[in-house]
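Numbering (the numbering used here), first residue to last: 369 to 564.
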């Protein structure tokens, strides 16, 4: 069941307690361990995890002219977002469970589970390019599958493939690929444990 969206003004300090706790966004704020305005956080050089979480959560920007656009339409090459004419971010409150895990290489996930299967999945990888990238292969590998221990392996293997130059990323270092695979496995396990 979907409920109303949460609206967060960009220039007011964001209280992390106001964020849905079973979400990638909550994980990012737990890692940040600070209260600040979203505009400042999204303009910082370390905005990639926050941007990734907002992407998987389906966030939109409310512009000063009253219109709304997906945040992905305003992504910049450095992982930040162009917020020049934005006044708030809206995050849907849906029957989803999410997770963010990572440091240099990270994964944000958001899942909708129905009847023991992943009905919908959103995934973003951080650290494989100069900016967060939608991981469409991971999303496709998860969608429609039953939640099982094998699903963790499928997601990890898919992340390794997608992060390499023949996927969407530029990682060729074997240790970095393994770190991303393990991070993906752990993020999926956390998201599944939070599923309603």
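Note that beta-carbon positions come from the ideal geometry of N, C-alpha and C, so glycine has one too.
In terms of residues, what are the limits of the alpha helix (DSSP H) holding residue 526?
Per DSSP, the unbroken alpha helix (DSSP H) holding residue 526 starts and ends at 517-530.
Hey, is the region 427-441 in contact with the region 462-482, meaning 3+ C-beta pairs nearer than 8 Å?
no
Whole-angstrom C-beta distance between residue 415 and residue 423, which should lie under 8 Å
The pair is not a contact, with the Cβ atoms about 12 Å apart (cut-off 8 Å).
How would you call residue 516, buried or exposed, if buried means at least 16 neighbouring beta carbons within 10 angstroms?
exposed
DSSP three-state assignment for residue 448, whether helix, strand or coil:
coil
Residues in its own chain within less than 6 Å of residue 548 by CB, not counting five upstream and five downstream?
473, 527, 531
With which residues is residue 488 paired in a DSSP beta bridge?
480
Straight-line Cα distance separating residue 476 from residue 492:
Their Cα atoms are separated by approximately 5 Å.
Spatially closest choice to residue 413 from 560, 499, 563, 558, by CA coordinates
499
How would you write the range of the beta strand (DSSP E) that residue 431 sits in, first residue to last?
428-431
Quick check on the DSSP output: what are the complete alpha helix (DSSP H) runs of length 4 or more inside the region 376-422, in order along the chain?
392-400, 406-411
What do you get for residue 490, buried or exposed, if any count of 16 or more other CB atoms within 10 angstroms of its CB means buried?
buried
Residue closest to residue 486, alpha-carbon to alpha-carbon, out of 403, 469, 559
Of the candidates 403, 469, 559, the one whose C-alpha sits nearest the C-alpha of residue 486 is 559.
Use the C-beta contact count for residue 417: other C-beta atoms within 10 angstroms, 16 or more gives buried, fewer gives exposed.
buried
For residue 455, the three-state DSSP class (helix, strand or coil):
strand
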